[in-house]
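Report on the structure given below.
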């Protein structure tokens, strides 16, 4: 996965980069066809915003979260992406039982 992390109105520390990497590793664990991820961390007064766009094979997912703490915003954003990737994976998975279909048609 190609990961781009950028900061808007803030300096990105190594701790923030590592934290984002760890959170997005969880998303990649559920769905390993992530091509590219772009994360933007932004600060405006008391508002900390984290947003991410994931390019998967077949679709693009986007999530954003706003909190008073940057780490909480990253957590919330990662949770949203995790739910979206699990939902997308469920959509593309074939849930039909091939064995039951063959028995019904009589082809053994």
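Residue numbers (my numbering): 1264 to 1371.
Virtual Cβ for every residue (Gly too), placed ideally from N, Cα, C.
Beta carbon of residue i nearer than 8 Å to that of residue j
i	j	result
residue 1351	residue 1322	yes
residue 1287	residue 1266	yes
residue 1296	residue 1320	yes
residue 1264	residue 1315	no
residue 1283	residue 1298	no
residue 1331	residue 1309	yes
Same chain only: Cβ atoms within 8 Å of residue i, ignoring 5 sequence neighbours per side
i	result
residue 1271	1303, 1304, 1305, 1306
residue 1289	1341, 1345
Residue i classed as buried or exposed, judged by whether at least 16 other C-beta atoms fall within 10 angstroms
i	result
residue 1337	buried
residue 1285	exposed
residue 1311	buried
residue 1356	exposed
residue 1348	buried
Same chain only: Cβ atoms within 6 Å of residue i, ignoring 5 sequence neighbours per side
i	result
residue 1328	1313, 1336, 1339, 1340
residue 1274	none
When the options are compared against residue i, the one with the closest alpha-carbon
i	options	result
residue 1291	1281, 1308, 1317	1317
residue 1324	1283, 1331, 1343	1343
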